[in-house]
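Asker:
In the numbering used here, the protein residues as written are 7 to 475.
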């Protein structure tokens, strides 16, 4: 996990002038055993901060009102064994856009965030030992940037514009079980313009909106078949899934809901649009009702974590299809006890299951194959940054892995759960990242042993608590 703390331009809030003055030159890594294997993560959790606080406080606006937003990104391993950070600029641009629209203070360059995200993957030793998830090799390293309101921002709704950026690199297997064979999806009509990821005016992943995702997943547990995803139908129009964009296939055309529905402007969908165009298929953005969905030749889910998946079965509540004429016959009808959102008790609910052969559809198969080829054959082009070739000096993997080991050793000998160390600057001089925006100072590594002794000399336990200055 990476923590970058910043508090600027907020005269009503307490500001540490020393932190702000040293912002560019002061980069430090924090390792916390409190977030390590004995709790939530199967590996050491690393944090970095430009300020003096780590973690949101119980009185912060994030804890009280869900203030904040996040991104979903991925690092994949190519056939050559090297790591590729997939379209990081697009995701970090969306983070910065969200911060501007919400009035948060956020002045971190994409280059710096790419560097520190890549560093975390190597510090955890993933280059030498690719991680396992539930006994199987991870499919990706999932990168989660998270913007929150930090300690000291107060319990009021307004006030401080302080923003804290956290990044964690988490090994992930298949997002849904047996997803390569297709998934089953629950379509739910909200009756309102409810968002998961965004709204018509704020196209980013807002934390508070995802409360709906949890409620709908709980509803779906009552269904006669296990579903992987829940998709919102707002005002009778298809919007999006709780973790992905949804599109349908009709003939040789891919149809996706327009941004006017309030869906997230999905980066993966834009990538698939370019692939479909190259293959000669049309891509249309148009409103889709339940009738258009059920008459489709296939349904696709698209996202950074889910990649590109086909839908096998779509489950609707009969009440959400009431009054729609000319619908196809369902494969199955069931009456089950189900608790609707806002209800305190279950009531008998008729649900209809419709079968799709998306994974057998020729349009889907061609798009999916081209999508997979972009990763499997290292045909990344400008989409990705190679961590080993485009960012770090050649020996960076060994240095960062050893640094991670030294940090863990220091933590094991200390009474403090937190160890602090200067972030090493291993950016190669011909890096694709812009040198002046990535780290300070520009690296001048001539002798690794001298550099290494300098890094370790800054290694020390941090004895003050997480949430105090």
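For every residue, glycine included, the Cβ atom is placed at its ideal position computed from N, Cα and C. All values reported here derive from a predicted model rather than from experimental measurement.
Am I right that residue 127 and residue 147 are in contact with their C-beta atoms under 8 Å? What's the rounded C-beta distance?
Answerer: Yes, they are in contact, since the Cβ atoms of residue 127 and residue 147 sit about 6 Å apart, within 8 Å.
Asker: Specify the secondary structure class of residue 268 as computed by DSSP and reduced to three states.
Answerer: In the structure shown, residue 268 sits in coil (DSSP, three-state: anything other than H, G, I, E or B).
Asker: Which residues does DSSP list as the beta-bridge partners of residue 253?
Answerer: Answer is 306.
Asker: Report the three-state DSSP secondary structure of residue 64 (helix, strand or coil).
Answerer: Coil, per DSSP.
Asker: Nearest to residue 398 by alpha carbon, out of 116, 125, 252, 79?
Answerer: If we check each option's Cα against that of residue 398, 125 comes out closest.
Asker: Ignoring anything shorter than 3 residues, give me the beta strand (DSSP E) runs that lie fully in the region 203-246, in order along the chain.
Answerer: Those beta strand (DSSP E) runs which fall completely within the region 203-246 and span 3+ residues are 235-240.
Asker: If you count every other CB in all the chains shown that lies within 10 Å of the CB of residue 290, and 16 or more means buried, which is it?
Answerer: Looking at its Cβ environment, which holds fewer than 16 other Cβ atoms inside 10 Å, residue 290 is exposed.
Asker: Along the chain, where does the beta strand (DSSP E) that runs through residue 284 open and close?
Answerer: Per DSSP, residue 284 belongs to no beta strand (DSSP E); it is in the alpha helix (DSSP H), 273-284.
Asker: So the alpha helix (DSSP H) residue 299 belongs to, where does it begin and stop?
Answerer: Residue 299 -> alpha helix (DSSP H) spans 296-300.
Asker: Between which two residues does the beta strand (DSSP E) harbouring residue 121 extend?
Answerer: Run containing residue 121: none in the beta strand (DSSP E); it sits in the alpha helix (DSSP H), 116-129.
Asker: Taking residue 275 as the reference, which of 266, 260, 267, 91 has the closest Cα?
Answerer: For the residues 266, 260, 267, 91, the minimum Cα distance to residue 275 belongs to 260.
Asker: Going by other Cβ atoms of all chains shown within 10 Å of its Cβ, with 16 needed for buried, is residue 477 buried or exposed?
Answerer: Residue 477 is absent from the model: the chain starts at 7 and stops at 475.
Asker: Just to check my reading of the structure: residue 90 and residue 392 have Cβ atoms closer than 8 Å, yes? What is that Cβ distance to the nearest angstrom?
Answerer: That belief holds up - the Cβ atoms of residue 90 and residue 392 are roughly 6 Å apart, short of 8 Å.
Asker: Per the contact definition of three or more C-beta pairs closer than 8 Å, is the region 263-273 in contact with the region 215-229?
Answerer: Cβ pair count under 8 Å is below three, so no.
Asker: Among 137, 285, 435, 257, whose alpha-carbon lies nearest the alpha-carbon of residue 81?
Answerer: Measuring from the Cα of residue 81, the nearest candidate turns out to be 137.
Asker: Please state whether DSSP places residue 71 in a helix, a strand or coil.
Answerer: Note: residue 71 maps to helix in three-state DSSP.
Asker: Quick test of the definition: if touching needs 3 or more C-beta pairs under 8 Å, does the region 372-380 touch the region 410-421?
Answerer: No: fewer than three Cβ pairs fall under 8 Å.
Asker: When you compare only the Cα positions, how much space is there between residue 187 and residue 77?
Answerer: Straight-line Cα distance between these residues: approximately 27 Å.
Asker: Excluding the five sequence neighbours on either side, which residues of its own chain have a C-beta within less than 8 Å of the C-beta of residue 389, listed in chain order?
Answerer: The answer, listed in chain order, is 92, 93, 277, 380.
Asker: From 234, 249, 122, 332, pick the residue whose C-alpha is nearest to that of residue 184; which is it?
Answerer: The shortest C-alpha separation from residue 184 is found at 234.
Asker: Of the residues 135, 405, 211, which one's Cα is nearest the Cα of residue 107?
Answerer: Ranking the options by Cα distance to residue 107, first place goes to 211.
Asker: Return the bridge partner residues of residue 162 from the DSSP annotation.
Answerer: According to DSSP, which records beta bridges pairwise, residue 162 is partnered with nothing at all.
Asker: Excluding sequence positions up to five away, which residues of its chain have a Cβ less than 7 Å from the Cβ of residue 279?
Answerer: Closer than 7 Å at the Cβ level, and outside the excluded window around residue 279, lie 289.
Asker: Buried or exposed: which applies to residue 250, given that a residue is buried once 16 or more other Cβ atoms fall within 10 Å of its Cβ?
Answerer: Buried.
Asker: List the residues that DSSP assigns as beta-bridge partners of residue 433.
Answerer: Bridge partners of residue 433: 398.
Asker: With 16 as the cutoff for other CB atoms within 10 Å, does residue 140 come out buried or exposed?
Answerer: Burial call: exposed.
Asker: So, for residue 223: in the same chain, excluding its five sequence neighbours on each side, which residues have a beta-carbon less than 8 Å away from its beta-carbon?
Answerer: Counting only Cβ-Cβ distances below 8 Å, and skipping sequence neighbours, we find 236, 248.
Asker: Strictly by DSSP, which residues pair up with residue 146?
Answerer: Per DSSP, 178.
Asker: For residue 321 versus residue 294, is the C-beta spacing smaller than 9 Å?
Answerer: No, Cβ-Cβ distance for residue 321 and residue 294 is not below 9 Å.
Asker: Nearest-angstrom Cα distance between residue 44 and residue 336?
Answerer: Residue confidence for residue 44 is low, a pLDDT of 37 falling below 50, so the modelled location carries little weight; the figure read from the coordinates is stated next. Their Cα atoms are separated by approximately 48 Å.
Asker: Can you list, in chain order, the residues of its chain whose CB lies under 6 Å from that of residue 314, leaving out five sequence neighbours each side?
Answerer: 308, 374, 377, listed in sequence order.
Asker: Please go through the same chain and pick out, in chain order, the residues whose beta-carbon is closer than 8 Å to the beta-carbon of residue 555, but skip the five residues on each side of it.
Answerer: Residue 555 is absent from the model: the chain starts at 7 and stops at 475.
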